[in-house]
Amino acid sequence: MKQGILYCVATPIGNLADMTERGKRILAEVDKIYAEDTRVTRGLLTHFGIQNTLASLHDHNEADRVASIQAELEQGMQLALVSDAGTPLISDPGYKLVHALGEAGHKVVPIPGASALIAALSVAGLPTDRFVFEGFLPAKSVSRRKCLESVKDEPRTVVYYESSHRIADMLDDVVATLGTDRRMVILRELTKLFESIYRGTAGELVAQLAADTNMSRGEFVVVIAGKVLTEDQEQLSALRADSILAVLLEELPVRQAAALAARLTGLPKNQLYKQALALE
């Protein structure tokens, strides 16, 4: 019996020409496709002349699907997982399934392609060597501001997804928590007909949104610059890193100590590796 495989297949985020040849082949050849919304995926398959069996897998039924999908893989079935747009599991269903299958030793294969997150970072013009992806912010302002407050001192670029009916409120909350001068890039309707990119400070973009109603239509990726540290803050951060490294190096090799210190401080791992070597 052939080995069962689950393929996580990326699909276009707007422009259907972005569907990869490998992705089309996999969707045509597997025994069944699990889709976030079967109606959306049926339209995609029809566009490419693909006929296949579809079943739903979304936030409300994912946990209940795991056992039956695992049984299908044990029978040697080849399966695909897709979301409505982009790469599965990136702010979309699939984590519970993939985690369970990985723990059970089943083969899970990525079929890479479109991702709004990566597409946005590639053209935002903000630092991309290190970034934080936060997905969607909470719907209520109090919770949203709390989440934004938690990244106020984050030095890395921060990326969010946002919807048309909350983008204005989100920007107001960014101004309230991060200030009017924080650099931002708003990317609207990526790869679609009305793709637009807006750059400026939080204050400038709030004013622009208020003056242009078209700016609040569609789907958004919001990229926010990390906090720029002053020279004194950078020195303090380096001293704190030295203290952390000194403790970690008592128990761990240099490379592991540097990696853990990077997670604790948010500083670049290469920089901390050099600091750790100096301390050794």
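Counting from 1, position 20 in the sequence shown corresponds to residue 507 in this note's numbering; the numbering is continuous, with no gaps. Glycine included, every Cβ here is placed at the ideal spot set by N, Cα and C.
Inclusion of residue 766 and residue 736 in the CB contact set at 8 Å is warranted, their separation being smaller than that value. When the Cα atoms are used, residue 637 and residue 714 turn out to be separated by approximately 12 Å. Residue 601 counts as buried, since at least 16 other C-beta atoms from the protein chains shown sit within 10 angstroms of its C-beta. DSSP places residue 506 in the coil class of the three-state scheme, outside both helix and strand.
In this structure residue 708 is buried. Its beta-carbon is surrounded by 16 or more other beta-carbon atoms within 10 angstroms. Straight-line measurement puts the Cα of residue 561 at about 42 Å from the Cα of residue 675.
The alpha carbon of residue 642 has as its nearest neighbour, out of 510, 489, 750, the alpha carbon of 750. Here residue 570 is buried: its Cβ has 16 or more other Cβ atoms, across all protein chains shown, within 10 Å. Straight-line spacing of the CA atoms in residue 558 and residue 516 works out to 19 Å.
Counted as a single uninterrupted DSSP element, the alpha helix (DSSP H) harbouring residue 654 occupies residues 654-665. Of the other Cβ atoms in all chains shown, 16 or more fall within 10 Å of the Cβ of residue 762; this residue is therefore buried. Within the stretch 556-616, the runs of beta strand (DSSP E) at least 3 residues long that lie entirely inside it are, in chain order, 565-569, 594-598.
Residue 513 sits in a helix when the DSSP states are folded into three classes.
Just measuring C-alpha positions, the residue of 530, 630, 626 sitting nearest residue 539 is 530. The residues 672, in chain order, have a CB closer than 6 Å to that of residue 686 in the same chain once the five nearest residues on each side in sequence are set aside. Exposed is the label assigned to residue 596, since fewer than 16 other Cβ atoms lie within 10 Å of its Cβ.
When 535, 583, 510 are compared, the shortest CA-CA separation from residue 554 is found for 583. CA-to-CA, the gap between residue 690 and residue 506 works out to about 37 Å. Residue 499 counts as buried, since no fewer than 16 other beta carbons sit within 10 angstroms of its beta carbon.
Within the model, the alpha-carbon separation for residue 550 versus residue 523 is close to 13 Å. For residue 634, the CB contacts under 8 Å within the same chain, skipping 5 residues up- and downstream, are 621, 624, 625 in chain order. A distance below 6 Å between beta-carbons, with the five flanking residues on each side excluded, links residue 606 to the following residues of its chain, in chain order: 677.
About 7 Å separates the Cβ atoms of residue 576 and residue 495, confirming a contact at the 8 Å cut-off.
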